[in-house]
Amino acid sequence: MILELDCGNSFIKWRIIAGAKQVVAAFGVAGSDAELVATLELHGPKLRACRLVSVRSDAETLALVEVLQKHFDIACHMARSAPELAGVRNGYENYQSLGLDRWLALVGAFSLGRGACLVLDLGTAVTADLVSSNGVHLGGYICPGMPLLRNQLCTHTRRIRYDKAAAQQALRSLEPGHSTAEAVERGCALMLQGFVDAQLLMARERLGDFVVFLTGGDSALVRERLPEARVVPDLVFVGLAIACPLP
Ligand SMILES: Nc1ncnc2c1ncn2[C@@H]1O[C@H](COP(=O)(O)OP(=O)(O)O)[C@@H](O)[C@H]1O
Ligand SMILES: CC(C)(COP(=O)(O)O)[C@@H](O)C(=O)NCCC(=O)O
Ligand SMILES: [K+]
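Take the sequence shown: its letter number 130 is residue 129 in numbering that gives the first Met the number 0, and every next letter is one higher.
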């Protein structure tokens, strides 16, 4: 069985795939290295390798790799930047600066869609990337995601304070808010929907026919805005398998 990790700025998404068909045997989200190791203990003896992508610092990523090697005695293969992969050309001036999760998501999207695509990833940050029908990455956008938007308001104001339960409750609708939690959560959700609308316009101008791919922990916030989108929660893992093939 192979362990796959997507180390984002907030969470480590993990899954275990098994057999020739690489079916998903288990998956989850961990908040820390320690939590990940504790969760994986159950599966440890059966793991034979790990492949991972990280947008964390090199030091943090290496620390995680060491912990995994020590606990499970497995080699970890890390996805690396590339100017080109699986028919997709990296559009950054300096290809190494493009976030690896973005790169893998767009490689994954192009391999699934085989045509022009707009890739939207709603995590700590929200990113949008455009890929033309011939696999050229036309560039993209980064803006703060939901966790950053709400935290900035809480950090820089005196009276914006509410708990997680209130936040969850607030997002059940986007009607004008009647409490601080509703006003902030819905306001930020609408900002992200506006961002998505702008991306759709941009993509229509540049791509002609295209498929929207939606991924990331907060993708539900814009789901209704994008009825035709392909929601692929493990899009980064699709790209990871292409970037790090394991025998
Ligand atoms: N099961 C889950 N575990 C953790 N976060 C989740 C989960 N479902 C949705 N989320 C939301 O996903 C967001 C993080 O998305 P994610 O794609 O994991 O970010 P990142 O890649 O930056 O770590 C958070 O705002 C969180 O509220
Ligand atoms: C844009 C990101 C912060 C997104 O990270 P995430 O929200 O998935 O944790 C990450 O892809 C990153 O650090 N990128 C490097 C900068 C760039 O892509 O231009
Ligand atoms: K993201």
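Note that the Cβ used here is the ideal one computed from N, Cα and C, for glycine as well.
Less than 6 angstroms between C-beta atoms, sequence neighbours within five positions excluded: which residues of the same chain meet that for Gly216? Gly122
Buried or exposed for Cys142, please, with buried defined as at least 16 other CB atoms from any protein chain shown within 10 angstroms of its CB. exposed
Given this structure, state the Cα-to-Cα distance separating Ala202 from Pro226, to the nearest angstrom. 16 angstroms
Mind listing, in chain order, the residues whose beta carbon lies closer than 6 angstroms to a non-hydrogen atom of ligand 3? Asp120, Gly122, Ala124, Thr126, Gly215
Within its chain, find whatever has a CB closer than 6 angstroms to the CB of Val63; leave out the 5 residues flanking it on each side and keep chain order. The displayed chain sequence assigns Leu, not Val, to residue 63. Excluding residues within five positions, the ones whose Cβ falls inside 6 angstroms are Asp32.
Whose CA, out of Arg157, Glu92, Pro82, Ala104, lies closest to the CA of Phe212? Ala104
Measuring straight from C-alpha to C-alpha, what distance separates Thr38 and Arg205? 44 angstroms
Is Asp100 a contact residue of ligand 2, with contact defined as CB to any heavy atom under 7 angstroms? yes
Within its chain, find whatever has a CB closer than 6 angstroms to the CB of His42; leave out the 5 residues flanking it on each side and keep chain order. Ile15
With a threshold of 7 angstroms, establish whether the CB of Val54 neighbours any heavy atom of ligand 2. yes
Residues of its chain near Leu84, where Cβ-Cβ distance is below 7 angstroms and the 5 sequence neighbours each way are ignored: Val106, Ile241, Ala242
For Lys45, which residues in the same chain have their Cβ closer than 6 angstroms to its Cβ, ignoring the five residues on either side in sequence? Met0
Opposite Gly139 in the DSSP bridges: which residues? Asp128
Would you say Val106 touches ligand 1, meaning its beta carbon is less than 7 angstroms from a heavy atom? no
Distance between Leu200 and Gly193 (C-alpha atoms, nearest Å): 11 angstroms
Taking Leu117 as the reference, which of Val130, Ala124, Tyr91 has the closest Cα? Val130
Contact between the segment 150 to 161 and the segment 179 to 190 (3+ Cβ pairs under 8 angstroms): yes
DSSP bridge partner residues for Cys6 (one or two, in chain order): Ile11, Ser53
Sorted by chain position, which residues of the same chain lie with C-beta nearer than 8 angstroms to Tyr91's C-beta, five sequence neighbours on each side aside? Leu97, His136, Gly138
Which value, in whole angstroms, describes the spacing of the CA atoms of Cys6 and Cys49? 13 angstroms
Presumed contact (8 angstroms Cβ cut-off) between Val54 and Asn8, rounded CB distance: 6 angstroms
Run through DSSP, which three-state label would Thr179 get? helix
If you count every other CB in all the chains shown that lies within 10 Å of the CB of Asn133, and 16 or more means buried, which is it? exposed
Spatial neighbours of Leu152 in its chain, beta-carbon cut-off 6 angstroms, leaving aside the 5 residues before and after: Ile159, Val183
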